[in-house]
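**Student:** Mind looking over this structure? Questions follow.
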Amino acid sequence: TLYFTIFEILTLNRSYVLFSLAQNKDGIKSMKVFKDFRTAFKDFIETIIDGTISDKSERLSRVTKPVYEEGAWIQFMLLLKFWTADESKGFEKTDVLIEKSVNTVVDLLNTKPLESLFDLGKFLWKENR
């Protein structure tokens, strides 16, 4: 997945990444350090979302897409924070966290309940006019 690939690359450059974060007085909290990467990351997430949208859920996606993009970014930042402190062999604990967090997000992104709720709301809205 995307996160495994990113963290493999970061691990190859771990000393530099940790040094760069340490040089910044706010460390990982400073969004300036991540500005360009954040933009590219969210653009990539948008292409993934666009590739999975069905016609039925297109209207719903206009509302949820920005939430998913920001959620993916927050997930990355949480994983990065964990990775910077991970001292397990081969960063195995980070791998476990990636797997568990991705599985959780996939379960949460099941849009079928949201589509049903949207359809119900649309029906009730029309009936109460």
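Residue numbers are given in the numbering used here: position 103 of the sequence shown equals residue 103, and the series is strictly consecutive.
Positions of the beta carbon are idealized from the N, C-alpha and C atoms, including for glycine.
#1: Taking the alpha-carbon of Leu79 as reference, which of Asp95, Glu69, Gly90 has the nearest alpha-carbon?
#2: Pairing CB atoms from the segment 83–98 with CB atoms from the segment 4–18, are three or more of them under 8 Å?
#3: Beta-carbon within less than 7 Å of Phe41's beta-carbon, same chain only, minus the 5 sequence neighbours each way: which residues are those?
#4: Measure the Cβ-Cβ separation of Phe142 and Thr11 and say whether it is below 8 Å.
#5: Between the Cα of Val105 and the Cα atoms of Asp50, Tyr68, Phe82, which residue gives the shortest distance?
#6: Verify whether the separation of the beta carbon atoms of Glu46 and Lys32 is less than 8 Å.
#7: Using CA coordinates, which residue listed in Gly51, Asp36, Gly71 is at the minimum distance from Leu108?
#8: Along the chain, where does the alpha helix (DSSP H) containing Thr5 start, and where does it finish?
#9: Does the distance from the C-beta atom of Ile209 to that of Lys81 stay below 8 Å?
#10: Hey, out of Gly51, Asp50, Thr84, whose CA is closest to Leu20's CA?
**Tutor:** Taking the geometry as given:
#1: Residue mapping note: residue 79 aligns to position 79 of the sequence shown, counting from 1. Per the C-alpha coordinates, the member of Asp95, Glu69, Gly90 positioned closest to Leu79 is Asp95.
#2: They touch, by the three-pair rule.
#3: Your numbering for residue 41 matches position 41 in the sequence shown. In the same chain as Phe41, and ignoring 5 residues on each side of it, the C-beta atoms closer than 7 Å to its own belong to Trp73, Phe76, in chain order.
#4: Lying before the first or after the last residue shown, residue 142 is absent from the chain, which here runs from 1 to 129.
#5: On the sequence shown, position 105 is the one that residue 105 refers to. Comparing Cα positions, the closest option is Tyr68.
#6: As a first step, residue 46 must be located in the sequence shown, where it is residue number 46. As a first step, residue 32 must be located in the sequence shown, where it is residue number 32. For Glu46 and Lys32, no; Cβs fall outside 8 Å.
#7: Locating residue 108 in the sequence shown gives position 108, where the first residue counts as 1. Residue Gly71 is the option with its Cα nearest to Leu108.
#8: Translated into the one-based positions of the sequence shown, residue 5 becomes position 5. Thr5 -> alpha helix (DSSP H) spans 2–12.
#9: Coverage of the chain is limited to positions 1 through 129, which leaves residue 209 absent and any answer about it impossible.
#10: The sequence position of residue 20 within the sequence shown is 20, counting from 1. Note that residue 20 is Ser in the sequence shown here, rather than Leu. Nearest C-alpha to Ser20: Thr84.
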